[in-house]
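From first to last, the protein sequence lines stand for chains A and B. If you read the first sequence in the numbering used here, its first letter stands for residue 107, the second for the next number, and so on. If you read the second sequence in the numbering used here, its first letter stands for residue 107, the second for the next number, and so on. C-beta atoms are modelled at their ideal positions from N, C-alpha and C, and glycine is treated no differently. To keep things clear, I will list the structure first and then write my remarks on it.
Protein chains: 2
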Amino acid sequence: MDDAVDFATSSPAQRVTGVWHVIIVYSRLTGLTAFDPADAAPKPESGRRLHRLHPFSSLTAHEIVTAATIVRQNAGLRHLVDADSVVTKAITLLEPPKHLMVQYLDIEHGDTLQDERFTIPRRAEVQYCLKGTTQMYTSVVCLALAQESSQVTEPKHYQGIMDPIEHAVFFDVVGSSPEWAAAVSSLGLPADVELSYEPWPYGADKDTGPETQMALVRIDPMPTEGIANERISSPSPGPNWTTGTALDGCQPNDYHPDLLPPSRQDLRPLHLVQPEGVSFTVTDGSLVEWQKWQFRVRCDFREGIVLHDVRYDDRSLFYRLSLSEMTVLYADPRSPYHVKQGFDLGDAGAGAVVNPLRLGCDFLGSIYYFDGVVNTMEGGAITIPNAICLHEEDGGVLWKHTNDKTEAAVSARSRVLVIQTTMTLGNYDYILAWRFDQAAGITYEVSATGIVSTNLIDPGTSSRWGTVVSPRVIAQNHQNMFCVRLDPAIDGHQNSVQVEKSVPLPLDDEVNTYGNA
Amino acid sequence: MDDAVDFATSSPAQRVTGVWHVIIVYSRLTGLTAFDPADAAPKPESGRRLHRLHPFSSLTAHEIVTAATIVRQNAGLRHLVDADSVVTKAITLLEPPKHLMVQYLDIEHGDTLQDERFTIPRRAEVQYCLKGTTQMYTSVVCLALAQESSQVTEPKHYQGIMDPIEHAVFFDVVGSSPEWAAAVSSLGLPADVELSYEPWPYGADKDTGPETQMALVRIDPMPTEGIANERISSPSPGPNWTTGTALDGCQPNDYHPDLLPPSRQDLRPLHLVQPEGVSFTVTDGSLVEWQKWQFRVRCDFREGIVLHDVRYDDRSLFYRLSLSEMTVLYADPRSPYHVKQGFDLGDAGAGAVVNPLRLGCDFLGSIYYFDGVVNTMEGGAITIPNAICLHEEDGGVLWKHTNDKTEAAVSARSRVLVIQTTMTLGNYDYILAWRFDQAAGITYEVSATGIVSTNLIDPGTSSRWGTVVSPRVIAQNHQNMFCVRLDPAIDGHQNSVQVEKSVPLPLDDEVNTYGNA
Ligand SMILES: [Cu+2]
Ligand SMILES: [Cu+2]
């Protein structure tokens, strides 16, 4: 009991659940055979008129399946393969050209009647490849006309996301490789241990060509009674691990509360209650209005939350806001660790890895949820329930003043509107939130949580490339870099950036005679 | 209605309620006569045994009155004046010498029985002067022996707080000065206008000697039906105001909700509910325990909240934590504005200006309040109800992880303990909070709110020394500087400071061959 990790105590950086290790698998993604298209292609939403959707609405399941079906058929004919051999890597809304959309929004926020607005045909962009090959293609589908309107062959080095089909290939390749079998048998693991793999995508380094893909593999040796507790260990020697067997000297670092003694019994419940409900409205599937704010929300396969046409008090502020990429750079230079770097949006897709959210765990209060609809590799669409949430928080004292003569105190509490998503990429979990305040301020808040990425290390040693976080476990130094794309439209589209600095003036006899300016 | 300030909209920096102006009053604080000692000297708490108080407990009303009475009597005899002529500027707990107190705390947290502890006599430090003079004296009173144990005459330039008696003198001096009468009559103000003054304390500049005191004066010309709305204007010409009369072209900038049309009707209530009560305990009048935290709270006349003996999980972290000073420096070099600078703790005393706090306005949830007991100038003690509050807040997601194979999500919400006070110094209000998290982290949070300090400016002009925030109203550039005193005792008293920086290594052929280290 004394060794047990106190679940509620540890900060994210302290959370460790075991050991990872890397082995390298080279694969040209050839030799793929069958895959199971289960769960793909839900029924199209019958009776929905596509042209009624706002140009910034998320792609619907119907639209995704429509685009996929057209591209799979055309690509099958074009490349002389069966349509089922076409892998739809990513299907995203192709936003209208900005110059058109700006006109559309001007009319939308003007006095023109809705019936007289011009419409902009909705289009989808489909990134696809053929099963077992790496060549990427991009098609554009006009959803109103149900036609593929363009198709291009991408450059050879262009990579799509590392998708579930490729994951399965890696599992096959690794599981059937003699190196793997030899490494596993050298571990001396108990018979009931299950092994699993974590592919890490990357392109190429100075030693490998661009057509090579490589993956780092993770092993979970000790699932306990059906709960994956991720006490992870390593199958093969590496730079930090040169002697001994796999689990000697490691200690369990379970995190699932079902595997741990109860802790922190002394926190009494704290509820956030909104007896009259929320103060915002969501209409037209995507239009959020709260206080003086107004914006459109879209769930994108690649970027997750995309905010469009953000306005305050009827004034335009942003044409578009999104997270455009997030990369984790590990700083251990010893091969193969030097390739440990993920581009999580480009390699996986934020919308593809969002978590379904739950009250009490993810938020308190009254929550409005948006589902996320994303494509499958087989041309279908799946719905991630509660992918994006919208809720209010108390923001503390907004303003207060006590008149020191009358002692009359006046204060106003502030309220914040939060639109939030959580995505999981292997060990890491990211909580991403746009926060809107009552004074036209927007804050983007990123929380990195989950589990640090770890490897085995020899007993009693340390390394300058990481921190020993548990006996025989090292977490490598790394950075998380978040790249946010801001497309400002503050009172129009002729925006520029100004930086204002306050500097002290020199002391002189004319102006700054006392030195306080 | 269109011109009305939207109460809930404006951020603190945008809040403007009118115009201030400065005139300079020189006073040697002579000629003081009677004052009314109403509300002073509550009854001593009979039956309380002083030596039972913890050495870090706040001074009680009984202790304050005991110390004041002894010093007033002794000083009366010493300086050959009536005891009522002794002004007790500040009465504070004289903390025991640290070397003694460290021993005391070691025993307190050790295994020794309580009865066997040694006791440390409680002492009070009394800063006093004689009415109508500026010479300061400091006495120490041993509260257990009810004796003055030392008394010193401070250096001539030493200044005590600018106290209510001095405020009254300024009002008298200003109100009866011919310059003032001339300035007021030149304003052409309506007959029903009330004028008031805001003294700004400071020492001396290069043009005035150290024995001179000076004050800036504020005028509130337009109280409306008993509500001080602080639409403040200026009585005399100054650097920014050279032409016209006082209120021409100014517009009302009321802030009190009773004076404004209703606004923001569309925010629905949000309550924080703790049906089983709070998760912390307060015992012995000052000992707070929450989660793994333990500390003593004291309300100090000068520093406001003082935290003593801060421990986490039975490990010592800080011997003492407090705000030690806060100064506002205005950056307008034109006399008399160059002297606009307050040292709010030294000039007024944080404990002396704390607000009584209220649920709903200052916090949500279940609140524990500490009263503040401070001395009066006449040797009494007054209680500020709800001067310090203690409450819990939800701290968002502490940690979350979704196992990407099983999709089992585990998360823990975080809770924060907040100990907070709000002080008002003229136009400015400061919300000061120590925040304790569940991973042994402490954050000190400062919010500056209230009203910016303003003056009149000529119509249609601007100034590089401030920002025009309303017609004819300029808010001067300034900085607020907060100085926090940290007395660390992390696992003992031999602490040092380490700074850790992460730097990239140079690319080379031996170690950093790929450039990622
Ligand atoms: Cu990280
Ligand atoms: Cu300020």
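By how many angstroms is the C-alpha of G448 (chain B) removed from the C-alpha of H377 (chain A)?
Mapped onto the first sequence, residue 377 (chain A) falls at position 271. Mapped onto the second sequence, residue 448 (chain B) falls at position 342. The alpha-carbon of H377 (chain A) is positioned some 42 angstroms away from that of G448 (chain B).
Reduced DSSP category for K262 (chain A) - H, G, I as helix; E, B as strand; rest coil:
Numbered from 1 along the first sequence, position 156 holds the residue referred to as residue 262 (chain A). Coil, per DSSP.
Using a Cβ-Cβ distance cut-off of 9 angstroms, determine whether W540 (chain B) contacts chain A.
If you number the second sequence from 1, residue 540 (chain B) lands on position 434. No, its Cβ sits nowhere closer than 9 angstroms to a Cβ of chain A.
V459 (chain A) to S245 (chain A) span [Cα, whole Å]
Within the first sequence, residue 459 (chain A) is the residue found at index 353, counting from 1. Within the first sequence, residue 245 (chain A) is the residue found at index 139, counting from 1. If I take the Cα positions, the gap works out to 23 angstroms.
Name the chain A residues that come within less than 8 angstroms of Q380 (chain B), Cβ to Cβ?
Locating residue 380 (chain B) in the second sequence gives position 274, counting from the first residue. Ordered by position in chain A, the residues that pass the 8 angstroms Cβ test against Q380 (chain B) are R374, P375, L376 and H377.
Of all Cβ atoms in chain A, is any one closer than 9 angstroms to the Cβ of D438 (chain B)?
For this step, residue 438 (chain B) is matched to residue 332 along the second sequence. Closer than 9 angstroms to the CB of D438 (chain B) there is at least one CB belonging to chain A.
Cβ of S559 (chain B) within 9 angstroms of any chain A Cβ:
Your numbering for residue 559 (chain B) matches position 453 in the second sequence. For S559 (chain B), the answer is no, since every Cβ of chain A falls outside 9 angstroms of its Cβ.
Three-state secondary structure (DSSP) of W306 (chain A)
What you label residue 306 (chain A) is simply residue 200 of the first sequence in a count that begins at 1. The answer is coil: DSSP assigns W306 (chain A) none of H, G, I, E or B.
Show which residues of chain A have a CB atom less than 9 angstroms away from the CB atom of K607 (chain B).
The residue given as residue 607 (chain B) occupies position 501 in the second sequence. Within chain A, no residue has its beta carbon less than 9 angstroms from that of K607 (chain B); the closest one is some 12 angstroms off.
Which residues share a DSSP beta bridge with T240 (chain B)?
Here residue 240 (chain B) corresponds to residue number 134 of the second sequence, with the count starting at 1. The partner list for T240 (chain B) (beta bridge, DSSP) is empty, contrary to what the question assumes.
Where does W571 (chain B) sit, in a helix, a strand or coil, going by DSSP?
As a working note, residue 571 (chain B) is residue 465 in the second sequence. Of the three classes helix, strand and coil, the one that applies to W571 (chain B) here is coil, per DSSP.
Can you tell which of A:D212, A:T619, A:L211 and A:T259 has its C-alpha closest to the C-alpha of R440 (chain B)?
As a first step, residue 440 (chain B) must be located in the second sequence, where it is residue number 334. Among A:D212, A:T619, A:L211 and A:T259, the Cα nearest to that of R440 (chain B) is on A:T619.
Alpha carbon of Y234 (chain B) to alpha carbon of T489 (chain B), nearest angstrom:
Counted from its first residue, the second sequence places residue 234 (chain B) at position 128. Counted from its first residue, the second sequence places residue 489 (chain B) at position 383. When rounded, the distance between both Cα atoms is 20 angstroms.
Is there a Cβ from chain B that is less than 9 angstroms from the Cβ of Q604 (chain A)?
Your numbering for residue 604 (chain A) matches position 498 in the first sequence. No, because no Cβ of chain B sits closer than 9 angstroms to the Cβ of Q604 (chain A).
Please report the straight-line C-alpha distance between F277 (chain B) and P284 (chain B), rounded to a whole angstrom.
Here the question's residue 277 (chain B) lines up with position 171 in the second sequence. Here the question's residue 284 (chain B) lines up with position 178 in the second sequence. So the alpha carbons of these two residues sit roughly 13 angstroms apart.
Give the DSSP-derived three-state secondary structure of D535 (chain B) in the structure shown.
Counting from 1 along the second sequence, the entry for residue 535 (chain B) is found at position 429. For D535 (chain B), the three-state secondary structure derived from DSSP is strand.
Take L611 (chain A) and list the residues in its own chain whose beta-carbon comes closer than 8 angstroms to its own, dropping the five residues that flank it on each side.
Counted from its first residue, the first sequence places residue 611 (chain A) at position 505. The beta carbon of L611 (chain A) is closer than 8 angstroms to those of V617, N618 and A623 in its chain, skipping five residues each way along the sequence.
Beta-carbon spacing of I170 (chain A), N492 (chain A) below 9 angstroms:
Working through the first sequence from its first residue, we reach residue 170 (chain A) at position 64. Working through the first sequence from its first residue, we reach residue 492 (chain A) at position 386. If you check the CB distance, I170 (chain A) and N492 (chain A) do not come in under 9 angstroms.
In whole angstroms, what separates the C-alpha of R464 (chain A) from that of V379 (chain A)?
As a position in the first sequence, residue 464 (chain A) is number 358, starting the count at 1. As a position in the first sequence, residue 379 (chain A) is number 273, starting the count at 1. The C-alpha of R464 (chain A) lies about 16 angstroms from the C-alpha of V379 (chain A).
Nearest to D188 (chain A) (by Cα), restricted to the options A:L199, A:A196, A:T175 and A:L200
Residue numbering aside, residue 188 (chain A) sits at position 82 when the first sequence is read from its first letter. The shortest C-alpha separation from D188 (chain A) is found at A:T175.
Establish whether the CB of H185 (chain A) and some CB of chain B are separated by less than 9 angstroms.
The count along the first sequence starts at 1 and reaches residue 185 (chain A) at position 79. Against chain B, the CB of H185 (chain A) has no partner CB under 9 angstroms away; the residue lies outside that interface.
Y361 (chain B) and M432 (chain B) look like a contact to me (Cβ under 8 angstroms); what is the Cβ gap, rounded to whole Å?
As a position in the second sequence, residue 361 (chain B) is number 255, starting the count at 1. As a position in the second sequence, residue 432 (chain B) is number 326, starting the count at 1. Incorrect: roughly 23 angstroms between the Cβ atoms, too far for contact.
Which whole-angstrom value is the C-beta distance of G457 (chain A) and G410 (chain A), which I expect to be below 8 angstroms?
On the first sequence, position 351 is the one that residue 457 (chain A) refers to. On the first sequence, position 304 is the one that residue 410 (chain A) refers to. In this structure G457 (chain A) touches G410 (chain A) by the C-beta definition: roughly 5 angstroms separates them, less than 8 angstroms.
Quick check on the burial criterion: 16 or more other C-beta atoms within 10 angstroms. Buried or exposed for L613 (chain B)?
Locating residue 613 (chain B) in the second sequence gives position 507, where the first residue counts as 1. Result: exposed.
What residues are listed by DSSP as bridge partners for P594 (chain A)?
What you label residue 594 (chain A) is simply residue 488 of the first sequence in a count that begins at 1. In DSSP, P594 (chain A) forms a bridge with A:F424.
Mark P381 (chain B) as exposed unless 16 or more other C-beta atoms lie within 10 angstroms of its C-beta, in which case mark it buried.
What you label residue 381 (chain B) is simply residue 275 of the second sequence in a count that begins at 1. Under a 10 Å Cβ-count criterion, P381 (chain B) is classified as exposed, with fewer than 16 other Cβ atoms of the shown protein chains found around its own Cβ.
Would you identify the three-state DSSP class for E498 (chain B), choosing helix, strand or coil?
Counting from one through the second sequence, the residue named residue 498 (chain B) turns up at place 392. In the structure shown, the three-state DSSP call for E498 (chain B) is strand.
Using the Cβ count rule (16 or more neighbours within 10 Å means buried), how would you classify Q600 (chain B)?
On the second sequence, position 494 is the one that residue 600 (chain B) refers to. Looking at its Cβ environment, which holds fewer than 16 other Cβ atoms inside 10 Å, Q600 (chain B) is exposed.
Suppose contacts are defined by Cβ-Cβ distances below 9 angstroms. Is S472 (chain B) in contact with D500 (chain B) by that definition?
Counted from its first residue, the second sequence places residue 472 (chain B) at position 366. Counted from its first residue, the second sequence places residue 500 (chain B) at position 394. Against a cut-off of 9 angstroms, the Cβ pair of D500 (chain B) and S472 (chain B) comes out as no contact.
Name the DSSP bridge partner or partners of G410 (chain B)?
One-based indexing of the second sequence puts residue 410 (chain B) at position 304. According to DSSP, G410 (chain B) bridges with B:D406.
Taking 8 angstroms as the cut-off, does the CB of L366 (chain B) come closer than this to any heavy atom belonging to ligand 4?
The ligand content of the structure shown is limited to ligand 1 and ligand 2, which means ligand 4 is not among them.
Identify every residue that forms a DSSP beta bridge with K506 (chain B).
Counted from its first residue, the second sequence places residue 506 (chain B) at position 400. Here K506 (chain B) is bridged, per DSSP, to B:S517.
Could you spell out the range, first to last residue, of the beta strand (DSSP E) harbouring N481 (chain A)?
As a first step, residue 481 (chain A) must be located in the first sequence, where it is residue number 375. From DSSP, the beta strand (DSSP E) with N481 (chain A) extends over I473 to N481.
Is the Cβ of V247 (chain B) closer than 9 angstroms to any Cβ of chain A?
Mapped onto the second sequence, residue 247 (chain B) falls at position 141. With 9 angstroms as the cut-off, V247 (chain B) does not count as an interface residue toward chain A.
Below 9 angstroms between beta carbons is the criterion; list the residues of the segment 480-511 of chain A that meet it against any residue of chain B, in chain order.
Those would be E498, E499, D500, G502, V503, L504, W505, K506, H507, T508, N509, D510 and K511, in chain order.
Closer than 7 angstroms between beta carbons: that is the criterion. Which residues of the segment 525-539 of chain B meet it against chain A?
Cβ contacts with chain A: T528, T530, G532, D535 and I537.
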